[in-house]
(Lines of atoms letter the chains of each structure in order from A and count residues from 1; the text may use other names and numbers.)
(Lines give C-alpha, C1' and ligand atoms only; values in the text may rest on other atoms or scores of the structure.)
Protein backbone atom coordinates (compact mmCIF):
# COMPACT_ATOMS: atom_id res chain seq x y z
CA UNK A 1 0.00 0.00 0.00
CA UNK A 2 2.79 2.40 0.92
CA UNK A 3 4.51 1.74 -2.42
CA UNK A 4 1.28 2.49 -4.29
CA UNK A 5 0.86 5.78 -2.45
CA UNK A 6 4.47 6.76 -3.19
CA UNK A 7 4.03 5.82 -6.84
CA UNK A 8 0.78 7.82 -7.04
CA UNK A 9 2.49 10.82 -5.43
CA UNK A 10 5.39 10.65 -7.92
CA UNK A 11 3.05 10.35 -10.89
CA UNK A 12 0.92 13.29 -9.77
CA UNK A 13 3.84 15.60 -9.04
CA UNK A 14 5.82 14.64 -12.14
CA UNK A 15 2.93 15.52 -14.46
CA UNK A 16 2.54 19.09 -13.26
CA UNK A 17 2.98 21.62 -16.02
CA UNK A 18 4.68 24.96 -15.53
CA UNK A 19 2.12 27.75 -15.41
CA UNK A 20 1.89 29.90 -18.52
CA UNK A 21 3.75 33.14 -17.93
CA UNK A 22 1.51 36.15 -18.52
CA UNK A 23 2.68 38.96 -20.76
CA UNK A 24 4.20 41.67 -18.56
CA UNK A 25 1.82 44.52 -17.85
CA UNK A 26 4.78 46.88 -17.85
CA UNK A 27 4.09 47.96 -21.44
CA UNK A 28 0.28 48.27 -21.19
CA UNK A 29 -1.02 51.52 -22.56
CA UNK A 30 -0.23 54.10 -25.21
CA UNK A 31 3.39 54.87 -26.08
CA UNK A 32 4.34 57.68 -28.46
CA UNK A 33 7.61 58.68 -30.04
CA UNK A 34 9.35 59.13 -33.35
CA UNK A 35 11.05 57.09 -36.03
CA UNK A 36 13.51 57.73 -38.84
CA UNK A 37 14.69 55.92 -41.94
CA UNK A 38 18.07 54.78 -43.15
CA UNK A 39 19.42 57.72 -45.13
CA UNK A 40 20.79 55.56 -47.96
CA UNK A 41 19.40 52.25 -49.22
CA UNK A 42 22.88 50.81 -49.86
CA UNK A 43 23.42 47.29 -48.44
CA UNK A 44 25.10 47.42 -45.04
CA UNK A 45 24.48 51.16 -44.63
CA UNK A 46 24.03 52.21 -41.03
CA UNK A 47 23.58 55.96 -41.57
CA UNK A 48 20.21 56.84 -40.07
CA UNK A 49 18.25 59.96 -40.82
CA UNK A 50 16.72 62.10 -38.07
CA UNK A 51 13.85 60.67 -36.04
CA UNK A 52 11.14 63.02 -37.28
CA UNK A 53 8.02 60.93 -38.03
CA UNK A 54 5.49 60.43 -35.20
CA UNK A 55 4.89 56.82 -34.14
CA UNK A 56 2.32 55.53 -31.61
CA UNK A 57 1.82 52.02 -30.24
CA UNK A 58 -0.97 50.78 -27.97
CA UNK A 59 0.34 47.73 -26.08
CA UNK A 60 -2.31 45.40 -24.64
CA UNK A 61 -1.67 42.93 -21.82
CA UNK A 62 -2.65 39.95 -24.02
CA UNK A 63 0.48 40.36 -26.19
CA UNK A 64 -1.20 42.26 -29.02
CA UNK A 65 -0.50 45.81 -30.16
CA UNK A 66 -2.00 48.46 -32.41
CA UNK A 67 0.49 50.62 -34.28
CA UNK A 68 -0.27 54.08 -35.68
CA UNK A 69 1.96 55.85 -38.18
CA UNK A 70 1.31 59.23 -36.60
CA UNK A 71 -0.81 60.29 -33.65
CA UNK A 72 -3.47 57.80 -32.59
CA UNK A 73 -6.24 60.37 -33.08
CA UNK A 74 -5.55 61.16 -36.73
CA UNK A 75 -3.18 58.55 -38.20
CA UNK A 76 -3.97 57.52 -41.76
CA UNK A 77 -2.05 54.25 -41.30
CA UNK A 78 -2.97 51.69 -38.62
CA UNK A 79 -1.52 48.21 -38.04
CA UNK A 80 -2.25 45.22 -35.81
CA UNK A 81 0.40 42.90 -34.44
CA UNK A 82 1.91 40.91 -31.60
CA UNK A 83 4.80 41.53 -29.23
CA UNK A 84 6.80 39.94 -26.45
CA UNK A 85 9.06 41.36 -23.77
CA UNK A 86 12.00 39.13 -22.80
CA UNK A 87 14.65 40.28 -20.32
CA UNK A 88 14.03 43.95 -21.09
CA UNK A 89 14.03 43.40 -24.87
CA UNK A 90 10.92 44.07 -26.93
CA UNK A 91 10.21 42.04 -30.07
CA UNK A 92 7.19 42.75 -32.25
CA UNK A 93 5.71 42.25 -35.67
CA UNK A 94 2.76 44.04 -37.24
CA UNK A 95 0.85 44.36 -40.51
CA UNK A 96 -1.01 47.48 -41.59
CA UNK A 97 -4.78 47.05 -41.88
CA UNK A 98 -5.62 50.65 -42.77
CA UNK A 99 -3.85 52.68 -45.44
CA UNK A 100 -1.41 49.90 -46.41
CA UNK A 101 -0.87 46.15 -46.16
CA UNK A 102 2.88 46.21 -45.42
CA UNK A 103 4.46 44.17 -42.63
CA UNK A 104 7.19 45.46 -40.32
CA UNK A 105 9.00 44.18 -37.25
CA UNK A 106 10.59 45.96 -34.30
CA UNK A 107 13.26 45.20 -31.75
CA UNK A 108 13.97 47.54 -28.85
CA UNK A 109 15.46 47.79 -25.39
CA UNK A 110 13.38 48.98 -22.45
CA UNK A 111 15.72 51.61 -20.97
CA UNK A 112 13.33 52.68 -18.20
CA UNK A 113 9.78 51.60 -17.32
CA UNK A 114 8.54 54.44 -19.56
CA UNK A 115 11.19 54.59 -22.30
CA UNK A 116 12.33 52.25 -25.07
CA UNK A 117 14.39 52.59 -28.24
CA UNK A 118 15.43 50.30 -31.06
CA UNK A 119 15.24 49.51 -34.75
CA UNK A 120 12.41 48.73 -37.12
CA UNK A 121 12.73 46.26 -39.97
CA UNK A 122 11.10 45.92 -43.36
CA UNK A 123 8.93 42.81 -43.51
CA UNK A 124 9.18 39.97 -41.05
CA UNK A 125 12.70 40.52 -39.66
CA UNK A 126 14.04 41.72 -43.00
CA UNK A 127 16.57 44.50 -43.58
CA UNK A 128 16.76 47.39 -41.12
CA UNK A 129 14.57 50.30 -42.15
CA UNK A 130 15.47 52.75 -39.42
CA UNK A 131 15.44 53.59 -35.72
CA UNK A 132 12.69 54.62 -33.32
CA UNK A 133 12.02 55.57 -29.71
CA UNK A 134 8.83 55.53 -27.65
CA UNK A 135 7.84 57.03 -24.28
CA UNK A 136 4.83 56.11 -22.18
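In the UniProt record's numbering, the protein residues as written are 1 to 136.
Don't be surprised by glycine CBs; every beta carbon is placed ideally from N, CA and C.
DSSP, read as helix, strand or coil, puts residue 60 in coil.
Between residue 48 and residue 29, the CB-CB gap reaches or exceeds 9 Å.
The three-state secondary structure of residue 72, taken from DSSP, is coil. Per DSSP, reduced to three states, the secondary structure at residue 134 is strand. Exclusion of the five residues before and after residue 52 leaves 34 and 36 as the residues of its chain whose Cβ lies within less than 7 Å of its Cβ. Under the 10 Å beta carbon count, residue 105 is surrounded by 16 or more other beta carbons and is classified as buried. Contact between residue 25 and residue 69 is ruled out by a C-beta separation of about 25 Å, above the 8 Å threshold. Judged by DSSP in its simplified three-state form, residue 51 adopts coil rather than helix or strand. For residue 120, the uninterrupted beta strand (DSSP E) run begins and ends at 115 to 122, by DSSP. In this structure, the alpha-carbon of residue 31 lies about 9 Å from that of residue 116. The alpha-carbon separation between residue 98 and residue 119 amounts to approximately 22 Å.
Contact check for residue 38 against residue 128 passes: the beta carbons are separated by less than 9 Å.
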